[in-house]
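Here's the structure, in structure tokens; my notes come after.
In structure tokens, the structure reads:
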């Protein structure tokens, strides 16, 4: 019998865990879905895992309770600095429970970007001297692990971790997360299709993690177009725009387009300031905003509660358009942006969700890299 999120949270509450912060993970989807039923002051979906740790630290300082921070193990890297220089028992000594979805667990098939991360996850926790336990689908054992985690965090006055195996949590009914974006008619995939039609065939494209890269890959096949101009950032969420910036700076002969997502752009939002103030004149940043972490369960972002267009403008992008919500508006926006040089930005608001049969890249990431570099005339190692 798998672990019921409601029961798991009840055991945590018995140990005075009343606050949750984190970044959603597909393995933790039932748990994250249940958390959305809590009051907003009890649960915050953070823009990245590191800020979730610091947010939880603030809650502990103000209440003396033990907060829980959840994440996919791919986000563990974002937490290393605040875990070691803030929460660690040798620094400020902050008791925290970390709930980590274990993608790429050794012996279980997973996508290439998760394999190495999964293999070293337990070693990273050991290197940081963070005690951890493994959470399987046994409900009775889960209650014991939750109790242990809270007690151990209090005892050592520092972080402890729970590594959750795939399938540990029992499914719960999905909540209507997106009252705003769900009413839009424009799908992300149709937006990507239209964007490709409006781009010059010689442009260089960098796409962000998750569904955007998968749908770009699919659309190239549907349109019978080559893929060697696309760098598919299958991992390293939030970093696609900086990869694209590095290419644009190094190759002023190329028009570089970044297909970004709202969750990814918010995760490392400071990157927009770096891009906007550098004076790049061959860069087009397109954010496909559905106010959701679509690739890991559909939990909400603040994508519609802030204006990414206004942020880009404030960060120094020279030409800003949007938000647009239709194929016609995409055409109009890109028609204008294609006529100018500079650091350009377009926000496209789309509905959440994707086709159930959207494929994944068949080539290994290193093969994508080699083809991409060869097109640019650069030797690949």
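Numbering (the working numbering), first residue to last: 1 to 381.
Glycine included, C-beta positions come from ideal geometry on N, C-alpha and C.
Since this is a predicted model, take the numbers as computed values, not measurements.
Practice task
To the nearest angstrom, report how far apart residue 72 and residue 26 are at their CA atoms.
Solution key: 8 Å
Exercise for the section: Using three-state DSSP, classify residue 76 as helix, strand or coil. Expected result: helix
Problem - Whether residue 234 touches residue 265 by CB criterion (8 Å) - result: no
Exercise for the section: Examine the Cβ distances between the stretch 31-39 and the stretch 78-86 and report whether three or more of them are shorter than 8 Å. Expected result: no
Practice task
Find out if the Cβ-Cβ distance for the pair residue 100, residue 161 is shorter than 8 Å.
Solution key: Yes, these two residues count as a Cβ contact at 8 Å.
Problem - residue 221 burial status per 10 Å Cβ neighbour count (16 or more: buried) - result: exposed
Practice task
Counting only runs of 4+ residues fully inside the stretch 319-376, write out the alpha helix (DSSP H) ranges in chain order.
Solution key: 327-337 and 365-375
Practice task
Work out the CA separation of residue 79 and residue 94 for me, nearest whole Å.
Solution key: 14 Å
Exercise for the section: Could you spell out the range, first to last residue, of the beta strand (DSSP E) harbouring residue 207? Expected result: Looking at the DSSP string, the run of the beta strand (DSSP E) that includes residue 207 is 204-207.
Practice task
Flag this pair as yes or no: are the beta carbons of residue 87 and residue 76 separated by less than 8 Å?
Solution key: no
Problem - Residue ranges of each beta strand (DSSP E) within the stretch 261-328, 3 or longer - result: If we require 3 residues or more, the beta strand (DSSP E) runs fully inside the stretch 261-328 come out as 282-289 and 319-324.
Practice task
Return yes when the Cβ of residue 301 is within less than 8 Å of the Cβ of residue 45, no when it is not.
Solution key: yes
Problem - residue 253, DSSP secondary structure in three states - result: coil
Practice task
Indicate the three-state DSSP secondary structure (helix, strand or coil) for residue 130 in the structure shown.
Solution key: coil
Handout entry: Helix, strand or coil at residue 239 according to DSSP, with G and I counted as helix
Key = coil
Problem - Neighbourhood of residue 250 by C-beta distance below 8 Å, restricted to the same chain and skipping five residues each side - result: none
Problem - Those runs of the alpha helix (DSSP H) which lie wholly inside the stretch 35-104 and span at least 4 residues - result: Counting only runs of 4 or more, we get 49-63 and 76-82.
Practice task
Taking 8 Å as the threshold, find out whether the stretch 302-319 comes into contact with the stretch 362-377 through three or more Cβ pairs.
Solution key: no
Problem - N-terminal and C-terminal residue of the beta strand (DSSP E) that residue 14 is part of - result: No beta strand (DSSP E) contains residue 14, which is instead part of the alpha helix (DSSP H) from 5-14.
Problem - residue 212 versus 360, 23, 10 and 197, residue with shortest Cα-Cα distance - result: Closest by alpha carbon: 360.
Problem - Cβ pair residue 322, residue 333 closer than 8 Å - result: yes
Handout entry: Own chain residues within Cβ distance below 6 Å of residue 166, not counting five before or after
Key = Answer for residue 166: 27, listed in chain order.
Handout entry: C-alpha distance - residue 111 paired with residue 118, whole-angstrom precision
Key = 10 Å
Problem - Within 8 Å, strictly: CB atoms of residue 188 and residue 290 - result: Yes.
Exercise for the section: Would you identify the three-state DSSP class for residue 160, choosing helix, strand or coil? Expected result: In the structure shown, residue 160 adopts extended strand secondary structure according to DSSP, grouped into three states.
Exercise for the section: For the stretch 120-132 and the stretch 183-198, state whether three or more C-beta atom pairs, one from each stretch, are separated by less than 8 Å. Expected result: Because the criterion of three Cβ pairs below 8 Å is not met, the stretch 120-132 and the stretch 183-198 do not touch.
Problem - Reference residue 378, options 313, 247 and 168, closest by Cα - result: Its Cα nearest to that of residue 378, the residue 247 stands out among 313, 247 and 168.
Handout entry: Within 8 Å, strictly: CB atoms of residue 67 and residue 9
Key = Result no, Cβ atoms of residue 67 and residue 9 do not sit closer than 8 Å.
Handout entry: Segment limits, beta strand (DSSP E) that includes residue 232
Key = 230-232
Handout entry: Per-residue DSSP class, three states only, for residue 19
Key = coil
Practice task
Just the C-alpha distance for residue 350 and residue 259, rounded to the nearest angstrom, thanks.
Solution key: 13 Å
Exercise for the section: Could you tell me the distance, in whole angstroms, from the CA atom of residue 336 to the CA atom of residue 320? Expected result: 10 Å
Problem - Beta-ladder partner(s) of residue 169, from DSSP - result: 3
Exercise for the section: Specify the secondary structure class of residue 216 as computed by DSSP and reduced to three states. Expected result: helix
Problem - residue 6 versus residue 362: straight-line alpha-carbon distance, rounded - result: 38 Å
Practice task
Provide the residue span of the alpha helix (DSSP H) that contains residue 187, from first to last.
Solution key: Unbroken run through residue 187: none, as it is neither H nor E.
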